[in-house]
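Going by numbering that gives the first Met the number 0, the first residue of the sequence shown is number 0, and it counts up by one from there. C-beta atoms are modelled at their ideal positions from N, C-alpha and C, and glycine is treated no differently. This report refers to the structure that appears directly beneath it.
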Amino acid sequence: MSDSPMGEVVALDIGGTKLAAAIVTTAGELREQRRELTPASSDPEVVWGAVCSLLDPIVDADTQAIGVGCGGPMTSRGATVSPLNIAGWRSFPLLERLEHRYQRAVGIDNDAKALATGEGRWGAAKGLTHFVALVVSTGVGGGVVLDGRLLDGIDGNAGHLGHMIVVPDGRQCACGARGCLEAEASGTAIAQMTGAPASEAPQEIRE
């Protein structure tokens with residue numbers, strides 16, 4: 000697929016609303032991009048099948064590794080993932096499945112931590128030693144960088160800010176608690192409150 004002697008990496012974003020994949024050269028060039036809606040299924044294999052349908056056409060001989068950002072929580076290195084906004088995946092063995100199917104090195108981290116890493120190296124936070132990167136989409140997540148180092152936590156879930164209680168006895172959250180930041184301010188919550196996509200919500204709601 001590529002004439003790059005350096006090879007390529009396939010990037011995969013697993014979210015509650017959509018799945019997205021892209022080919023990235025080791026020089027940082029973004030090539031082919033693919034996406035599809037995340038299946039609203041309680042069957043873990045249906046979601047896995049959608050992931051494979053994205054990756055199968057773009058993982059080839061040039062692919063050196065697969066990098067994954069996925070909603071949490073998860074166990075260390077993404078050995079198992081339980082993204083709250085994907086009902087079918089509870090303790091899903093994502094790392095093993097990807098390694099077995101594609102026979103490539105696989106790196107998995109929380110999507111917000113992956114965002115923080117990217118923004119710190121190449122994006123809006125380049126050159127900063129202390130910052131927080133937020134994902135506000137189907138859910139809410141955060142990646143925290145202090146003294147230039149990404150915080151991991153014991154099991155890799157540091158920065159899971161979406162499940163801090165911000166409104167006691169507030170809206171019901173997918174995690175089972177009430178008043179979580181995710182339940183009050185995610186794109187999903189805004190759509191539920193306004194009846195419109197978050198991008199079309201009134202300014203006072205988005206603020």
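CB residue i to CB residue j, shorter than 7 Å?
| i | j | result |
| --- | --- | --- |
| Gly169 | Gly140 | no |
| Ile57 | Val105 | no |
| Ala26 | Leu53 | no |
| Leu180 | Gly142 | no |
| Thr137 | Thr187 | yes |
| Ser81 | Gly155 | no |
| Arg103 | Ala64 | yes |
In chain order, what residues of the same chain lie with their CB nearer than 8 Å to the CB of residue i, ignoring the 5 residues before and after it?
| i | result |
| --- | --- |
| Asp146 | Thr128, His129 |
| Glu95 | Ala78 |
| Leu18 | Leu11, Asp12, Arg34, Glu35, Leu36, Thr37, Ala49, Val50, Leu53 |
Give me whichever residues DSSP pairs with residue i in a beta bridge.
| i | result |
| --- | --- |
| Thr24 | Glu7 |
| Glu35 | Leu18 |
| Cys174 | Cys174 is not bridged to any residue. |
| Leu149 | Val144 |
Apart from the five residues on each side of it in sequence, which residues of its chain come closer than 6 Å, Cβ to Cβ, to residue i?
| i | result |
| --- | --- |
| Val131 | Gly141, Val143 |
| Val166 | Gly178, Glu183 |
| Asn109 | Gly71 |
| Ser185 | Gly138, Val139 |
Since residue i is in the beta strand (DSSP E), which residue starts that stretch and which ends it?
| i | result |
| --- | --- |
| Ala104 | 104-109 |
| Ala132 | 130-135 |
| Gly142 | 139-145 |
Excluding the 5 residues preceding and the 5 following residue i in the sequence, name in chain order all residues of the same chain whose CB lies nearer than 7 Å to its CB.
| i | result |
| --- | --- |
| Arg177 | Asp168, Gly169, Arg170, Gln171 |
| Met0 | Confidence at Met0 is low in this model, with a pLDDT of 41, below 50, so its placement is unreliable and no value can be given for it. |
| Gly87 | Ser40, Ser41, Asp42, Pro43, Val45, Val46 |
| Ile153 | none |
| Ala157 | Val143, Leu150, Asp151 |
| Ser3 | Interpretation of Ser3 is limited by its pLDDT of 46, a score under 50 that renders its predicted location unreliable; the figure taken from the coordinates is listed afterwards. So the list reads Thr24, Asp61, once near-sequence residues are dropped. |
For the alpha helix (DSSP H) containing residue i, list its first residue and its last residue.
| i | result |
| --- | --- |
| Met192 | 186-193 |
| Leu127 | From DSSP, Leu127 is part of no alpha helix (DSSP H); its letter is neither H nor E. |
| Leu94 | 93-101 |
*Starting from the N-terminal side, write out each stretch of the beta strand (DSSP E) that is 3 residues or longer and does not extend beyond the stretch 51-80.*
62-69
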